[in-house]
């Protein structure tokens, strides 16, 4: 079976830092950025551990604002 690797793209300006994607991620790939903020003053989410992403799309499904796009690549 081929290994699947995932990646996410976050619309940083739309993200309001609700933390739902961080909680939903089974591999602890996503975190809220500790220092940077978007124009609205929210700490946005980002891939803090990108090599752990499996492309399950849990983060994209729970995002209330649709800020996360998930990509999958077979290795």
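Numbering (this note's numbering), first residue to last: 15 to 89. Each residue gets a CB set at the ideal place from its N, CA and C atoms; glycine is no exception.
What span of residues does the beta strand (DSSP E) with residue 61 cover, start to end?
59-61
Taking residue 20 and residue 85 to be in contact with their CB atoms under 8 angstroms, please state how far apart those CB atoms are, rounded to whole angstroms.
7 angstroms
Considering only heavy atoms of the ligand GDP, does any lie closer than 8 angstroms to the CB of residue 24?
For the structure depicted, the ligand GDP is absent and the ligand set is empty, with no information on it obtainable.
Span of the alpha helix (DSSP H), counted from its first residue to its last, around residue 38:
34-38
Thinking C-beta only, is residue 62 closer than 9 angstroms to residue 35?
The Cβ-Cβ distance between residue 35 and residue 62 does not fall below 9 angstroms.
Using a Cβ-Cβ cut-off of 7 angstroms (strictly less than) and excluding sequence neighbours within five positions of residue 81, which residues of its own chain qualify?
24, 25, 28 and 29
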